[in-house]
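Asks: Residue 148 in the numbering used here sits at position 145 of the sequence shown, and the numbers go up by one each step. For glycine and all other residues, C-beta sits at the position ideal for the given N, C-alpha and C. I'd like to ask some things about the structure below.
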Amino acid sequence: MARPPNEGLHVGLIMDGNGRWAQARGLPRTEGHGRGADAVRRAVEAAPALGITTLTLYAFSADNWRRPADEVAVLMGLLESFLVRERENCRRRGVRLGLIGRRDRLSPALVRETEAAELATRDGTRLYLRLAVDYSGRSAILGAAAGFRPDERRDERGFLRHVNRACHSDPETPPVDLIIRTSGEQRLSDFLLFESAYAELVFVDTLWPDFGGEDLRRAVEAFRRRERRYGGLSASSGNPSAESATAGCPPGQRV
Ligand code: FPP
4 MARPPNEGLH
14 VGLIMDGNGR
24 WAQARGLPRT
34 EGHGRGADAV
44 RRAVEAAPAL
54 GITTLTLYAF
64 SADNWRRPAD
74 EVAVLMGLLE
84 SFLVRERENC
94 RRRGVRLGLI
104 GRRDRLSPAL
114 VRETEAAELA
124 TRDGTRLYLR
134 LAVDYSGRSA
144 ILGAAAGFRP
154 DERRDERGFL
164 RHVNRACHSD
174 PETPPVDLII
184 RTSGEQRLSD
194 FLLFESAYAE
204 LVFVDTLWPD
214 FGGEDLRRAV
224 EAFRRRERRY
234 GGLSASSGNP
244 SAESATAGCP
254 PGQRV
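Set out below in structure tokens:
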């Protein structure tokens, strides 16, 4: 699914390295998560000026429930206080907040704060900030397949809407253009699996609590230097149809 070149970017962030950041300083792992929440605020602040209109942050995967109960409790507490503290700030700055992932395993208080934040910020158009919580890309795909009616047209765009609905996102959320993972690890860990078909991947060594606006700018700059061919040929190859990633192909059938 190619995107018009002048549309804003959808960036996904796998915020990794909080535990290592803390351990390197002789601090408990949970301290790293606290500092990670500060880095979240920096990234959100920097994003709109970099042309990012959708930012999806991997805050808690469906597999993170396997962590010790006290670490899970700290993470859930940080999420709740982020939603409470940042709600008004986001509303004022035109940031629309949303949680993607399962909600039935979250505490009633966290669900309440999520809904309040989504309602208060629903008119924001500058940035759509999606926090992926109890999120699994494979579950979103399974949910989308289950939601598909037999009489529905089967195309990528329609399926993407179902993937979005299955994880409580705005159905019109576009595929992800760029996924950044911090801390030197190089894998997707069940993040935005359907949406990342043609995403560019940028891996940085910085641990998440040290990540700032300048790191985000550098990653977006690296992305902009890449040539996105969507399976076609380079525009410099002399192929007249290479200008458009969708050339010669019926909508929804690009591979
Ligand atoms: C991965 O680092 C990080 C997480 C599982 C949680 C991410 C959470 C935050 C950044 C803070 C809360 C978020 C918001 C939106 C307020 P890790 O713990 O696996 O690090 P390690 O690989 O070094 O152990």
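Using a threshold of 6 Å, is the CB atom of Arg-106 nearer than that to any non-hydrogen atom of the ligand FPP?
Replies: Taking non-hydrogen atoms of the ligand FPP into account, the C-beta of Arg-106 is found less than 6 Å away from none of them.
Asks: Which of helix, strand or coil does DSSP assign to Thr-209?
Replies: coil
Asks: Compute the minimum distance between the beta carbon of Leu-130 and the heavy atoms of the ligand FPP, and state whether it is under 6 Å.
Replies: no
Asks: Under 7 Å, do Val-166 and Ala-143 count as touching if we go by C-beta distance?
Replies: Yes, these two residues count as a Cβ contact at 7 Å.
Asks: Please indicate yes or no: does the CB of Val-114 lie closer than 6 Å to some heavy atom of the ligand FPP?
Replies: no
Asks: Assign Phe-85 to one of two classes, buried (16 or more other C-beta atoms within 10 Å of its C-beta) or exposed (fewer than that).
Replies: buried
Asks: Could you tell me the distance, in whole angstroms, from the CA atom of Met-79 to the CA atom of Arg-190?
Replies: The straight-line gap from Cα to Cα measures roughly 24 Å.
Asks: Could you check where the alpha helix (DSSP H) with Tyr-142 kicks off and where it finishes?
Replies: Residue identity differs from the one stated: residue 142 is Ser in this sequence, not Tyr. First-last of the alpha helix (DSSP H) with Ser-142: 140 to 150.
Asks: Should Arg-168 be listed as close to the ligand FPP, given that the test is whether its C-beta is under 6 Å from any heavy atom?
Replies: no
Asks: Return the chain-ordered list of same chain residues with a C-beta closer than 6 Å to the C-beta of Ile-183, the five sequence neighbours on each side being excluded.
Replies: Closer than 6 Å at the Cβ level, and outside the excluded window around Ile-183, lie Leu-16, Val-205, Ala-222.
Asks: Heavy atom of the ligand FPP less than 6 Å from the Cβ of Gly-20, yes or no?
Replies: yes
Asks: Just the C-alpha distance for Glu-91 and Arg-129, rounded to the nearest angstrom, thanks.
Replies: 15 Å
Asks: Between Ala-49 and Leu-219, is the Cβ-Cβ spacing less than 7 Å?
Replies: yes
Asks: Restricting to Cα atoms, I'd like to know which of Leu-210, Tyr-201, Gly-161, Asp-213 is closest to Arg-232.
Replies: Tyr-201
Asks: Name the two residues that bound the continuous alpha helix (DSSP H) containing Gly-39.
Replies: 32 to 49
Asks: Within the same chain, show all residues whose beta-carbon is closer than 6 Å to that of His-13, passing over the 5 residues directly before and after it, in chain order.
Replies: Thr-57, Pro-177, Val-179, Asp-180
Asks: Can you name the start and end residues of the alpha helix (DSSP H) that Phe-162 belongs to?
Replies: 159 to 169
Asks: Enumerate in chain order the residues of its own chain whose CB-to-CB distance from Gly-150 is below 8 Å, with the five nearest sequence positions on each side excluded.
Replies: His-165, Arg-168, Ala-169
Asks: Between Val-77 and the rest of its own chain, which residues show a CB-CB distance below 8 Å, the 5 nearest in sequence each way excluded?
Replies: So the qualifying residues of the chain are Thr-33, His-36, Gly-37.
Asks: Closer than 6 Å to a non-hydrogen atom of the ligand FPP - does that hold for the CB of Ala-81?
Replies: The sequence shown places Leu at residue 81, rather than the Ala named in the question. For the ligand FPP, at least one heavy atom lies less than 6 Å from the Cβ of Leu-81.
Asks: For the candidate residues Val-43, Thr-59, Leu-30, whose alpha-carbon lies nearest to that of Phe-194?
Replies: Thr-59
Asks: Under 6 Å: does the beta carbon of Leu-134 sit that close to some heavy atom of the ligand FPP?
Replies: yes
Asks: If we ignore side chains and look at the alpha-carbon of each, how far apart do Tyr-103 and Asp-137 end up?
Replies: Sequence inspection shows Ile at residue 103; the Tyr mentioned does not correspond to that position. For the pair Ile-103 and Asp-137, the Cα-to-Cα distance works out to about 8 Å.
Asks: Which term fits Glu-89, buried or exposed, when burial requires 16 or more other beta carbons within 10 angstroms of its beta carbon?
Replies: When all chains shown are included, Glu-89 counts as buried.
Asks: Which residues in the same chain as Ala-259 place their Cβ atom closer than 7 Å to its Cβ, once the five residues preceding and following it in sequence are excluded?
Replies: Outside the shown range of the chain (4 to 258) lies residue 259, about which nothing can therefore be said.
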